[in-house]
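Working notes, beginning with the structure itself.
Number of protein chains: 2
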Amino acid sequence: MVKKYKKDDATSYALGATLTVELIKRRPESVRAVYVSPRSDIAAVPEAARAHGIPVIESEKAINVLSPKGNCFAIGEFEKFTSPLSAERDHIVLVNPSDSGNLGTIMRAAAAFDAELAVIRPCADPFDPKTVRASMGAAFCINFECFDSFEQYISRFGDRAIVPFMLNGRPFESAEFDEGKRYSLVFGNEATGLPESYAAYDAVRIAQSDKVDSLNLSVAAAIALHRLYAAKRR
Amino acid sequence: MVKKYKKDDATSYALGATLTVELIKRRPESVRAVYVSPRSDIAAVPEAARAHGIPVIESEKAINVLSPKGNCFAIGEFEKFTSPLSAERDHIVLVNPSDSGNLGTIMRAAAAFDAELAVIRPCADPFDPKTVRASMGAAFCINFECFDSFEQYISRFGDRAIVPFMLNGRPFESAEFDEGKRYSLVFGNEATGLPESYAAYDAVRIAQSDKVDSLNLSVAAAIALHRLYAAKRR
Chain A
26 MVKKYKKDDA
36 TSYALGATLT
46 VELIKRRPES
56 VRAVYVSPRS
66 DIAAVPEAAR
76 AHGIPVIESE
86 KAINVLSPKG
96 NCFAIGEFEK
106 FTSPLSAERD
116 HIVLVNPSDS
126 GNLGTIMRAA
136 AAFDAELAVI
146 RPCADPFDPK
156 TVRASMGAAF
166 CINFECFDSF
176 EQYISRFGDR
186 AIVPFMLNGR
196 PFESAEFDEG
206 KRYSLVFGNE
216 ATGLPESYAA
226 YDAVRIAQSD
236 KVDSLNLSVA
246 AAIALHRLYA
256 AKRR
Chain B
26 MVKKYKKDDA
36 TSYALGATLT
46 VELIKRRPES
56 VRAVYVSPRS
66 DIAAVPEAAR
76 AHGIPVIESE
86 KAINVLSPKG
96 NCFAIGEFEK
106 FTSPLSAERD
116 HIVLVNPSDS
126 GNLGTIMRAA
136 AAFDAELAVI
146 RPCADPFDPK
156 TVRASMGAAF
166 CINFECFDSF
176 EQYISRFGDR
186 AIVPFMLNGR
196 PFESAEFDEG
206 KRYSLVFGNE
216 ATGLPESYAA
226 YDAVRIAQSD
236 KVDSLNLSVA
246 AAIALHRLYA
256 AKRR
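Sequences listed follow chains A and B, in order.
Sequential numbering of the first sequence, starting at 26, is according to the working numbering.
Sequential numbering of the second sequence, starting at 26, is according to the working numbering.
Below, the structure written as structure tokens:
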């Protein structure tokens with residue numbers, strides 16, 4: 026029987042019919058079962074599940090346990106998976122992000138702008154159903170990986186341009202991006218940003234008025250990812 | 026005594042000490058009272074309030090009614106205000122946004138990138154405490170206005186460049202922005218986008234991979250606002 030999600034569980038959940046269909050489409054091998062509400066007549070979830078031999082369980086109770094708000098009609102239960110980063114791709118690196126909504130929104134932006142995601146612990150849980158939901162399914166189609174420290178990340182991916190975003194960096198808008206190079210765009214925690222030590226790299230800053238102290242993390246990350254993506258396709 | 030926020034109320038609330046200090050700093054004339062928790066020793070809120078002759082009420086109960094999650098120690102109660110748009114400024118226009126978190130995040134981006142915000146009804150409530158909180162105080166420092174229809178907006182602000190964002194638009198990345206012109210960047214609802222009728226204007230599209238159907242609304246709006254801001258300051 027299903028139970029409320031906990032960080033150390035071996036499985037997690039895709040909440041909602043659209044997300045569950047996306048899960049089945051992208052990672053059928055990871056799906057253990059789908060739960061559908063008897064109140065629902067959405068055929069897409071059971072059809073997709075049966076096409077992959079995934080058990081379909083009709084259970085209002087399972088849905089209520091996992092999504093108490095009452096506007097969810099299907100849930101996909103999946104085994105957590107690994108999706109190692111590639112040295113050939115651009116990365117966005119989040120150092121200690123604390124908000125699962127931001128983490129999921131940045132997964133969606135990374136998918137939109139052809140990047141992979143590294144997350145430095147401690148961090149919001151990339152498999153939390155809230156993260157997965159905010160990703161709109163991008164969690165199932167981009168590569169992402171957690172690291173115990175930035176040093177651990179660098180030991181595997183040091184051979185590329187490291188670009189930390191800091192309030193005292195040089196203007197991001199005039200930074201050049203070379204199509205032949207690989208980039209890692211690095212962002213700090215929502216409240217505290219990156220530690221001063223990251224200024225050892227060539228840090229940049231997104232232009233902004235003095236009316237705000239900073240940008241929302243997912244907004245800043247998306248602006249950076251979009252500019253890199255657009256520059257490389259020019 | 027305070028009660029749970031409703032859309033038709035004449036007042037709303039800033040939840041949290043930092044936000045309440047921002048409210049008092051930006052709009053002291055709108056603040057009716059501040060509520061502080063007896064558990065808190067944060068001096069900034071009562072100090073700022075007293076400097077403006079605003080009543081300070083110590084009340085755990087008021088805090089529990091308005092912010093049941095228990096991590097809030099101060100609340101500012103304020104009268105809803107009007108902040109009319111200027112014809113001299115760039116605008117972001119949201120047609121029927123439905124999510125208060127997105128609306129607040131876009132207020133924050135508009136403040137960061139020197140734009141004002143128009144919202145076309147039906148829409149998420151710009152004074153909802155959730156919107157105000159997501160705005161991180163930008164609700165108190167940018168001008169924003171609601172309109173009953175896009176036509177009503179255009180009847181006042183038709184004399185400028187109208188730029189709708191649509192999936193079949195031309196590339197946004199090669200669109201030129203003229204420092205002497207005023208722009209209105211127009212975005213549709215989170216789920217449905219803009220109706221086809223907006224293609225009568227010169228629509229643009231943000232470049233993105235085919236891995237996602239669309240971008241998060243606040244992410245797309247921020248990418249657009251940032252590029253306009255950066256282009257005008259070049």
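Glycine included, each C-beta is placed from N, C-alpha and C at the ideal position.
These numbers come from a predicted model, not from an experiment.
| Query | Result |
| --- | --- |
| Closer than 9 Å to chain B by CB, Arg195 (chain A) | no |
| Per-residue burial, Gly78 (chain B) [other beta carbons within 10 Å of its own, 16 or more giving buried] | exposed |
| Under 7 Å by beta carbon: chain A residues contacting Ala22 (chain B) | This structure cannot speak to residue 22 (chain B), because chain B is shown only from 26 to 259. |
| Ser65 (chain B) versus Arg181 (chain A): straight-line alpha-carbon distance, rounded | 46 Å |
| Nearest residue (CA-CA) to Asp139 (chain A), options A:Leu210, A:Met26 and A:Pro151 | A:Leu210 |
| Beta-carbon gap between Ala87 (chain A) and Tyr60 (chain A) smaller than 9 Å | yes |
| Backbone secondary structure at Ala225 (chain B) - three-state DSSP | helix |
| Leu258 (chain A) at chain B interface by Cβ criterion, 9 Å | In the sequence as presented, Leu is not what sits at residue 258 (chain A); that position holds Arg. Chain B, which has a Cβ nearer than 9 Å to the Cβ of Arg258 (chain A), makes this yes. |
| Under 9 Å between C-beta atoms of Val144 (chain B) and Phe106 (chain B) | no |
| Minimum C-alpha distance to Ala68 (chain A) - residue among A:Phe98, A:Lys206 and A:Leu48 | A:Phe98 |
| Interface partners of Glu198 (chain A) on chain B, CB under 7 Å | Ala255 |
| DSSP three-state assignment for Gly129 (chain B), whether helix, strand or coil | helix |
| Given 8 Å, three or more beta-carbon pairs between the region 118-129 of chain B and the region 42-57 of chain B | no |
| Interface partners of Ile231 (chain A) on chain B, CB under 8 Å | His251 |
| Range covered by the beta strand (DSSP E) that runs through Phe103 (chain A) | Ala99 to Glu104 |
| Sequence-distant residues of its chain with Cβ nearer than 6 Å to Met161 (chain A) (five each side left out) | Arg133 |
| Proximity of Glu123 (chain A) and Asn241 (chain A) at Cβ, strictly below 9 Å | It is worth fixing the name first, because residue 123 (chain A) is Ser in this sequence and not Glu. Contact flag unset, no. |
| Pick from A:Thr130, A:Arg252, A:Lys94 and A:Leu142 that is closest to Phe202 (chain A), judged by C-alpha positions | A:Arg252 |
| Tyr254 (chain B) vs Ala224 (chain A) beta-carbon contact at 9 Å | no |
| Beta carbon of Ser174 (chain B) nearer than 9 Å to that of Ala137 (chain A) | no |
| Amino acids of chain B, ordered along the chain, whose beta-carbon sits closer than 9 Å to that of Ser234 (chain A) | Ala136, Ala137, Phe138, Asp139 and Tyr254 |
| Residue span of the beta strand (DSSP E) that contains Pro189 (chain A), given as start and end | Ala186 to Pro196 |
| Proximity below 9 Å, CB of Ala112 (chain B) to CB of Asp184 (chain B) | yes |
| N- and C-terminal bounds of the alpha helix (DSSP H) containing Arg158 (chain B) | Pro154 to Ala159 |
| is_contact[Arg52 (chain A), chain B] using C-beta, thresh 9 Å | no |
| Three-state secondary structure assigned by DSSP to Ser143 (chain B) | This sequence places Ala at residue 143 (chain B); Ser is not what is there. Of the three classes helix, strand and coil, the one that applies to Ala143 (chain B) here is strand, per DSSP. |
| Residues from the region 157-173 of chain A in contact with chain B, defined by Cβ distance under 9 Å | Ala159, Met161, Gly162, Ala163, Cys166 and Ile167 |
| Other residues of its chain near Pro71 (chain B): CB distance less than 8 Å, five sequence neighbours each side excluded | Val59, Val61 and Val81 |
| DSSP bridge partner residues for His251 (chain A) (one or two, in chain order) | None, per the DSSP bridge assignment. |
| Which of helix, strand or coil DSSP assigns to Thr217 (chain A) | coil |
| Bridge partners - Ala58 (chain A), DSSP secondary structure assignment | A:Glu102 |
| CB of Pro189 (chain B) within 9 Å of CB of Ala228 (chain B), strictly | yes |
| Beta-bridge partners of Val118 (chain A), as assigned by DSSP | A:Ala143 and A:Val211 |
| Beta-carbon gap between Ser125 (chain A) and Lys155 (chain A) smaller than 9 Å | yes |
| Contacting residues, own chain, Cβ-Cβ under 6 Å from Gly129 (chain A) (five flanking each side not counted) | Thr156, Ala159 and Ser160 |
| Own chain partners of Thr45 (chain B) with C-beta closer than 7 Å, once the 5 adjacent residues on each side are dropped | Ala39, Val59, Val70, Ala99, Ile100 and Gly101 |
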